[in-house]
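A.B. asks:
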């Protein structure tokens with residue numbers, strides 16, 4: 444069992460989620476139940492699945508939750524690109540968020556590979 448609060452990927456995922464909430468607060472009101480909600484839910488999933496997986500008693504189970512984390516990260520990436528296409532975020536915001544996300548993906552993938 445791992446202590447999720449000590450994991451750097453959990454810390455980065457939590458900060459990333461906060462950044463998503465901040466950026467989506469500027470989305471149009473009509474997107475409240477659309478892209479805003481989708482981005483927030485998927486970003487919350489990143490640190491949440493890391494935390495849940497860390498409570499599992501086997502590395503195989505934890506690895507499965509890290510795979511779900513990666514799926515959520517790629518979901519967020521797609522949604523950020525759509526938000527950019529719709530002019531809800533600018534290029535600088537997109538690049539910053541994608542850089543954060545890329546770091547989370549790389550760290551999660553590397554950590555997952557150590558659990559086998």
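In our numbering, the protein residues as written are 444 to 559. We treat Cβ as the ideally placed atom computed from N, Cα and C, and that holds for glycine.
Measuring straight from C-alpha to C-alpha, what distance separates residue 509 and residue 493?
C.D. replies: Within the chain shown, numbered from 1, the residue matching residue 509 stands at position 66. Within the chain shown, numbered from 1, the residue matching residue 493 stands at position 50. Roughly 6 Å separates the two Cα atoms.
A.B. asks: Can you confirm whether the stretch 455-464 touches the stretch 538-552 when touching is taken to mean that 3 or more C-beta pairs between the two stretches lie within less than 8 Å?
C.D. replies: The stretch 538-552, when compared against the stretch 455-464, does touch it at the 8 Å Cβ threshold.
A.B. asks: Whole-angstrom Cβ separation of residue 497 and residue 447, contact assumed at under 8 Å?
C.D. replies: Taking the first residue of the chain shown as 1, we reach residue 497 at position 54. Taking the first residue of the chain shown as 1, we reach residue 447 at position 4. 4 Å between Cβ atoms; contact.
A.B. asks: Residue ranges of each alpha helix (DSSP H) run of no fewer than 4 residues wholly in the stretch 459-512, ordered along the chain?
C.D. replies: Runs of the alpha helix (DSSP H) inside the stretch 459-512: 478-497.
A.B. asks: What would DSSP say about residue 559, mapped onto helix, strand or coil?
C.D. replies: Here the question's residue 559 lines up with position 116 in the chain shown. Three-state result, residue 559: coil.
A.B. asks: Going by alpha carbons, who is nearest to residue 453 out of 489, 485, 474?
C.D. replies: On the chain shown, position 10 is the one that residue 453 refers to. The shortest Cα separation from residue 453 among 489, 485, 474 belongs to 489.
A.B. asks: Measuring straight from C-alpha to C-alpha, what distance separates residue 558 and residue 552?
C.D. replies: Start at 1 with the first residue of the chain shown, and residue 558 comes out as number 115. Start at 1 with the first residue of the chain shown, and residue 552 comes out as number 109. Taking the straight line from one Cα to the other gives about 10 Å.
A.B. asks: Nearest by alpha-carbon distance to residue 511: which of 524, 521, 495, 535 is it?
C.D. replies: Within the chain shown, residue 511 is the residue found at index 68, counting from 1. Looking at the Cα atoms, 495 is the closest of the given residues.
A.B. asks: Relative to the alpha-carbon of residue 457, which residue among 471, 484, 502, 538 has its alpha-carbon at the smallest distance?
C.D. replies: As a working mapping, residue 457 is identified with position 14 in the chain shown. Looking at the Cα atoms, 484 is the closest of the given residues.
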